[in-house]
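Visitor: In the working numbering, the protein residues as written are 7 to 297. Dropping a structure here in structure tokens format, bear with me for questions.
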């Protein structure tokens with residue numbers, strides 16, 4: 007946070023911009039939270055959202071004209087449902103505008119530069135969305151709001167040549183890659199790949215996190231366990247690398263592991279994984295899965 011000098015009477019946000027420093031959230035549906043959130047609160051929430059693979063927006067104050075409580079460099083993160091963690095000014099002056107525009111940024115994926123002033127025309131210019139300052143402050147704020155899209159989490163079950171090829175290719179596409187294997191050993195995968203040694207469906211599901219992308223490619227090693235783990239994790243995609251005959255067998259085994267009907271499991275699994283490009287070599291199959 008920057009520490010540009012302010013007059014002494016401007017030190018308390020509630021006195022300078024109509025905002026209550028002990029409440030966070032906008033009047034447009036953003037949640038009010040007791041206590042002004044700290045940098046550690048914001049960082050913890052950002053880690054949580056990233057781990058969950060949830061989109062959010064980051065707002066940063068890039069320009070100010072006093073009297074306003076926010077300083078250049080102050081920032082907050084905003085969730086899709088309007089919760090704000092951090093500080094960009096008081097609720098009446100800045101937060102309601104920032105929350106509303108942050109929702110648009112999350113939905114569109116396009117960043118915005120927002121200006122908030124008593125007379126919006128004084129800050130309006132190409133590339134900036136100008137809004138009126140609705141509290142008693144006569145100051146000006148400009149806030150840059152950018153979307154944050156966490157990397158998609160790809161969990162590859164198996165250590166087959168196909169699985170390792172898939173891990174290498176996926177790393178080039180900015181996936182957050184985890185390779186689930188039965189035994190710890192050296193694998194031909196990028197250093198960024200997380201190697202998880204487990205074939206227990208419940209343990210795998212816990213490590214996968216919510217709604218991952220799962221590709222089961224142990225080639226008969228422990229495919230049923232990988233399928234079961236994907237179902238338990240409520241995976242948004244479960245792809246299986248197998249023939250139709252073996253896929254039926256593995257799905258039946260997964261259903262037995264979970265004590266569920268095979269039809270229920272079968273509806274969650276895509277086999278064969280990927281698109282049909284007449285792939286034969288491991289790298290070709292991996293490419294077809296990512297296509």
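Glycine is no exception: its CB is placed at the ideal position from the N, C-alpha and C atoms.
Counting Cβ pairs, one atom from each stretch, are 3 or more of them under 8 Å apart for the stretch 103-121 and the stretch 76-92?
Guide: Segment contact: the stretch 103-121 against the stretch 76-92, three or more CB-CB distances shorter than 8 Å; contact assigned.
Visitor: Once the 5 residues before and after residue 8 are set aside, which same chain residues still bring their CB inside 6 Å of it?
Guide: Note that residue 8 scores a pLDDT of 35, beneath 50, so its modelled location is shaky and nothing firm can be said.
Visitor: Comparing C-alpha positions only, which one of 187, 182, 295 and 186 sits nearest to residue 56?
Guide: 182
Visitor: Suppose only complete runs of 4+ residues qualify. What are the alpha helix (DSSP H) ranges in the stretch 36-96, listed by chain order?
Guide: 45-58
Visitor: Work out the CA separation of residue 54 and residue 132 for me, nearest whole Å.
Guide: 35 Å
Visitor: Would residue 180 be called buried (16 or more neighbouring beta carbons within 10 Å of its own) or exposed?
Guide: exposed
Visitor: Which runs of the alpha helix (DSSP H) spanning at least 4 residues fall entirely within the stretch 204-239, listed in chain order?
Guide: 207-214 and 229-238
Visitor: If you draw a straight line from the alpha carbon of residue 234 to that of residue 226, how long is it in whole angstroms?
Guide: 14 Å
Visitor: Relative to the C-alpha of residue 292, which residue among 255, 257, 246 and 266 is closest?
Guide: Comparing alpha-carbon positions, the option among 255, 257, 246 and 266 lying closest to residue 292 turns out to be 246.
Visitor: What's the gap between the Cα of residue 244 and the Cα of residue 44?
Guide: 39 Å
Visitor: Within 10 Å of its beta-carbon, does residue 269 have 16 or more other beta-carbons around it, so buried, or fewer, so exposed?
Guide: exposed
Visitor: I'd like to know whether the C-beta atoms of residue 241 and residue 164 end up nearer to each other than 7 Å.
Guide: no
Visitor: Spatial neighbours of residue 297 within its chain, please: CB distance less than 8 Å, with the 5 preceding and 5 following residues excluded, ordered by chain position.
Guide: 280, 281 and 283
Visitor: Who are the Cβ neighbours of residue 301 in its own chain at under 6 Å, not counting the five residues just before and after it?
Guide: The requested residue 301 is not part of the displayed model; the chain covers only 7 to 297.
Visitor: Tell me the DSSP secondary structure of residue 105 in three-state form.
Guide: Three-state result, residue 105: helix.
Visitor: In this structure, what does DSSP give as the bridge partners for residue 182?
Guide: 159
Visitor: Along the beta strand (DSSP E) that carries residue 263, what are the first and last residues, could you check?
Guide: Unbroken run through residue 263 is the alpha helix (DSSP H), 250-264; no beta strand (DSSP E).
Visitor: Candidates 206, 295, 168 and 287: which alpha carbon is nearest residue 264's?
Guide: Comparing alpha carbon positions, the residue from 206, 295, 168 and 287 closest to residue 264 is 206.
Visitor: Tell me the rounded alpha-carbon separation between residue 101 and residue 137.
Guide: 12 Å
Visitor: Assign residue 250 to buried or exposed, taking buried as 16 or more other Cβ atoms, counted over all protein chains shown, within 10 Å of its Cβ.
Guide: exposed
Visitor: For residue 69, which residues in the same chain have their Cβ closer than 6 Å to its Cβ, ignoring the five residues on either side in sequence?
Guide: The answer, listed in chain order, is 148.
Visitor: With a CB to CB cut of under 8 Å and the five nearest residues on each side skipped, what residues in its chain are close to residue 195?
Guide: Contacts found: 170, 173, 174, 177, 183, 185 and 201.
Visitor: When DSSP labels each residue in this structure, what does residue 286 get in the three-state scheme?
Guide: coil
Visitor: Tell me where the beta strand (DSSP E) around residue 189 begins and ends.
Guide: Where residue 189 is concerned, there is no enclosing beta strand (DSSP E), given that its DSSP letter is neither H nor E.
Visitor: What did DSSP end up calling residue 110 once you bin it into helix, strand or coil?
Guide: helix
Visitor: Verify whether the separation of the beta carbon atoms of residue 67 and residue 94 is less than 7 Å.
Guide: yes
Visitor: Quick check: what's the CA-CA separation for residue 51 versus residue 106?
Guide: 19 Å
Visitor: Cutting at 7 Å between CB atoms, please list the residues of its own chain near residue 230, excluding the five before and the five after it.
Guide: 256, 259, 260 and 263
Visitor: Give the DSSP-derived three-state secondary structure of residue 291 in the structure shown.
Guide: helix
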